[in-house]
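Input: a single structure, listed below in structure tokens.
There are 2 protein chains.
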Amino acid sequence: MTNTAPDQRSDGLHYIDMRDRVAGRIASGELKPTDKLPSERQLQEEMGLARGTVREGLFQLEAEGLIYRRDRSGWYVSPPPVVYDPTRWEGFISYVEAQGRVPATETMSAETIVADPLLAEVFGRRAGAPLYMIRRRRHVDGRAVLVEQIVVDAALTPDLLRFSFDQSLTEILKSAYGLSVARNVVSMQPCALTGYEAEVLGAKSGLPGLAVQRTSYDAQGRVVEFDREHWRHDAVRISVDTRVR
Amino acid sequence: MTNTAPDQRSDGLHYIDMRDRVAGRIASGELKPTDKLPSERQLQEEMGLARGTVREGLFQLEAEGLIYRRDRSGWYVSPPPVVYDPTRWEGFISYVEAQGRVPATETMSAETIVADPLLAEVFGRRAGAPLYMIRRRRHVDGRAVLVEQIVVDAALTPDLLRFSFDQSLTEILKSAYGLSVARNVVSMQPCALTGYEAEVLGAKSGLPGLAVQRTSYDAQGRVVEFDREHWRHDAVRISVDTRVR
DNA sequence: CCTTCCATCTGGTATGGACCAGTCACGCCC
DNA sequence: GGGCGTGACTGGTCCATACCAGATGGAAGG
Numbered sequence: 001m002t003n004t005a006p007d008q009r010s011d012g013l014h015y016i017d018m019r020d021r022v023a024g025r026i027a028s029g030e031l032k033p034t035d036k037l038p039s040e041r042q043l044q045e046e047m048g049l050a051r052g053t054v055r056e057g058l059f060q061l062e063a064e065g066l067i068y069r070r071d072r073s074g075w076y077v078s079p080p081p082v083v084y085d086p087t088r089w090e091g092f093i094s095y096v097e098a099q100g101r102v103p104a105t106e107t108m109s110a111e112t113i114v115a116d117p118l119l120a121e122v123f124g125r126r127a128g129a130p131l132y133m134i135r136r137r138r139h140v141d142g143r144a145v146l147v148e149q150i151v152v153d154a155a156l157t158p159d160l161l162r163f164s165f166d167q168s169l170t171e172i173l174k175s176a177y178g179l180s181v182a183r184n185v186v187s188m189q190p191c192a193l194t195g196y197e198a199e200v201l202g203a204k205s206g207l208p209g210l211a212v213q214r215t216s217y218d219a220q221g222r223v224v225e226f227d228r229e230h231w232r233h234d235a236v237r238i239s240v241d242t243r244v245r
Numbered sequence: 001m002t003n004t005a006p007d008q009r010s011d012g013l014h015y016i017d018m019r020d021r022v023a024g025r026i027a028s029g030e031l032k033p034t035d036k037l038p039s040e041r042q043l044q045e046e047m048g049l050a051r052g053t054v055r056e057g058l059f060q061l062e063a064e065g066l067i068y069r070r071d072r073s074g075w076y077v078s079p080p081p082v083v084y085d086p087t088r089w090e091g092f093i094s095y096v097e098a099q100g101r102v103p104a105t106e107t108m109s110a111e112t113i114v115a116d117p118l119l120a121e122v123f124g125r126r127a128g129a130p131l132y133m134i135r136r137r138r139h140v141d142g143r144a145v146l147v148e149q150i151v152v153d154a155a156l157t158p159d160l161l162r163f164s165f166d167q168s169l170t171e172i173l174k175s176a177y178g179l180s181v182a183r184n185v186v187s188m189q190p191c192a193l194t195g196y197e198a199e200v201l202g203a204k205s206g207l208p209g210l211a212v213q214r215t216s217y218d219a220q221g222r223v224v225e226f227d228r229e230h231w232r233h234d235a236v237r238i239s240v241d242t243r244v245r
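Same order as they appear, the protein sequences are chains W and Y.
The first sequence runs 1 to 245 under our numbering.
The second sequence runs 1 to 245 under our numbering.
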């Protein structure tokens, strides 16, 4: 392996060529965000390849975040990702709008649950303590990009379920319960979207994603929110700005 | 955790079944980290599937980070990821060791370059200003997990190239030049490893990865380090702990 | 005008065959 | 004992084909 720098030449691999040709059309602006690509069978003929080879190239572009698919509908050019700073939570709606995009939120469920051992530890409660769990799906420009599951301590937020969660939860916690966030512990891991997450995002099982887990504390060190989010990998860029301790 | 969520009907999809059967062997401990899986042709026969179907299942497990491949050698069970806080840079070696793993660093190249427009802007210099660029590959327990490209300002670090970079660069900057980091701006994005990055990590083009870009400033606001890292997606979990501003 | 239904288009799954290109362990040779 | 070559093994690429199931849009019917 060369110790010198990057840049490879046409490997002669058909699916790499195919990938680069389509990537070229996107880079040149011939194909624009949300545009639909030709069908796999059209590309197959156009490039003189087997369909499997065409699909291999498409998978590469999908992994790079350049294109995405809508099940049994077609392949589309990905819009640019939104920038997200999980440590500065101003609310999904406001920061998506600040980037000139159109956000939308859908509450999938909101219910009372009891703490299992893991959640009990997170909240510093006994197993069996009452908690609220809210599941939401969030969209940017009409595309579902993330699904989240938020857990809050029922003892701190009595009767929370009377609110609508299609708006900012942070706002509700602050104005109705006087809870505000002083510290966030965030952990992130690239993952594959499978099962429930893939299904509600309309993605094929195995699509690359990003799992974000956020624990928010108030000034007294109480856990205000415990949040797990699953993002489509091509929909987000994480940005964090911190002072070193 | 309480995955009260829907789902869990065996779809009857062969590659999902195959995936789950192998995942079961890993979960049960029958297959342990770094263990080699049976060959694709063995699995094919064992499960009565076509090889393409077996591979589809393996790709899913790879996307989930459960297994990885060594080119033309075989599929192996992934070791657990290392936890990495890009905002608290103590150095790769020390935090990997702190997690009971064995780190290693390899310097691929170290050279003087001139600032292109992008780098010039980052460093607040004119295009053409002299900079040092260092490329390194880093390993955990013998497996290459990330490749990084560090750029530093030659004006702040005269004659930097006389050092060996198989040790901590942060340490060199501090002890030899009195530079220490007061602020980090980090941005992360799931990506696909392709071309140069895939090659030096011994990965197939298209493997999911995580791109991390870090700009480090000293107390005077000067750029000390500009770093781009590409991680194997299954090798790392990002963790950030911050106070809200 | 709206709803319903159906033909068609699209991607999703699965098979099986072929050949290529590194890897790796074994055994030969020096 | 150590270096080298070789051949079996393993994943990587590519092909052709078939059928399934959801998406879609237009035609038919209310």
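By construction, the Cβ of each residue, glycine as well, lies at the ideal position given by its N, Cα and C atoms.
Residue interval of the beta strand (DSSP E) (run including residue i)
i               : result
L156 of chain W : It is not in any beta strand (DSSP E) - L156 of chain W carries neither H nor E in the DSSP assignment.
R243 of chain W : 236-243
G74 of chain W  : 74-77
Closest residue to residue i among the options (Cα-Cα distance)
i               : options                        : result
G244 of chain W : Y:H230, Y:H233, Y:T215         : One detail in the question is off: residue 244 of chain W reads as Val in this sequence, not Gly. Among Y:H230, Y:H233, Y:T215, the Cα nearest to that of V244 of chain W is on Y:T215.
V212 of chain W : W:R183, W:R232, W:G128         : W:R232
D227 of chain Y : Y:A144, Y:L169, Y:E148, Y:R41  : Y:E148
E62 of chain Y  : Y:G52, Y:S73, Y:S78            : Y:S78
Y68 of chain W  : W:G29, W:E199, W:R143, W:E121  : W:R143
S73 of chain W  : W:T34, W:L169, W:P103, W:D241  : W:T34
L109 of chain W : W:S94, W:R125, W:I150          : A small fix is needed here, since residue 109 of chain W is Ser in this sequence, not Leu. Ranking the options by Cα distance to S109 of chain W, first place goes to W:I150.
I113 of chain W : W:C191, W:P130, W:R125, W:F123 : W:P130
R51 of chain W  : W:M18, W:E121, W:A115, W:Y76   : W:M18
K32 of chain W  : W:M47, W:Y76, W:A219, W:G12    : W:Y76
D241 of chain W : Y:P208, Y:H139, Y:L207, Y:S187 : Y:S187
E106 of chain Y : Y:I172, Y:H139, Y:Y217         : Y:H139
C191 of chain W : W:Q99, W:D153, W:R237, W:H230  : W:H230
L43 of chain W  : W:Y196, W:G29, W:E30, W:R21    : W:R21
E171 of chain W : W:F92, W:V96, W:E111, W:I238   : W:F92
R126 of chain Y : Y:D141, Y:A104, Y:D153         : Y:D153
V102 of chain Y : Y:D141, Y:R70, Y:P81, Y:S168   : Y:D141
E197 of chain Y : Y:L146, Y:Q167, Y:V82          : Y:L146
V122 of chain Y : Y:Y84, Y:D71, Y:V185           : Y:V185
G29 of chain W  : W:Q167, W:L66, W:P81           : W:L66
P81 of chain W  : Y:V236, Y:G209, Y:D116, Y:Q189 : Y:Q189
Element boundaries [alpha helix (DSSP H), containing residue i]
i              : result
T53 of chain W : 51-63
E46 of chain W : 40-47
H14 of chain Y : 14-27
In chain order, what residues of the region 129-159 of chain Y put their CB closer than 7 Å to some CB of chain W?
none
Any chance the region 16-32 of chain Y sits against the region 220-235 of chain Y, with 3 or more Cβ pairs inside 8 Å?
no
Identify each residue in the region 89-118 of chain Y for which the Cβ-Cβ distance to at least one residue of chain W is less than 7 Å, and report them in chain order.
M108, S109
Quick check on the DSSP output: what are the complete beta strand (DSSP E) runs of length 3 or more inside the region 82-143 of chain Y, in order along the chain?
82-84, 103-114, 130-140
Specify whether the region 124-144 of chain Y and the region 51-65 of chain Y touch according to this definition: at least 3 beta carbon pairs, one from each stretch, less than 8 Å apart.
no
Pull out every residue of the region 214-241 of chain Y whose Cβ sits closer than 7 Å to any Cβ of chain W, in chain order.
H233, R237, I238, S239, V240, D241
Residues within the region 195-206 of chain W neighbouring chain Y, beta-carbon criterion of under 8 Å
G195, Y196, E199, S205, G206
What are the complete alpha helix (DSSP H) segments, minimum 4 residues, inside the region 160-226 of chain W?
169-177, 195-200
Is there contact here, the region 81-94 of chain Y with the region 149-164 of chain Y, by at least three beta-carbon pairs under 8 Å?
no
Residues from the region 56-68 of chain Y in contact with chain W, defined by Cβ distance under 8 Å
F59, Q60, A63, E64, G65
Of all the residues that make up the region 179-192 of chain W, which are near chain Y by a beta-carbon distance shorter than 8 Å?
V181, A182, R183, N184, V185, V186, S187, M188, Q189, P190, C191, A192
Just checking, does the region 187-205 of chain W make contact with the region 35-54 of chain W on the three C-beta pairs under 8 Å criterion?
no
Whether or not the region 172-192 of chain Y and the region 150-157 of chain Y are in contact is what I'm after, with contact meaning three or more pairs of Cβ atoms, one per stretch, closer than 8 Å; do they touch?
yes
Determine which residues of the region 26-54 of chain Y have a Cβ less than 7 Å from any Cβ of chain W, and write them out in chain order.
none
Near-chain W residues of the region 164-175 of chain Y (beta-carbon distance less than 9 Å), N- to C-terminal order:
none
Give me the subset of the region 73-84 of chain Y whose CB atoms are less than 9 Å from a CB atom of chain W, sorted by chain position.
P81, V83
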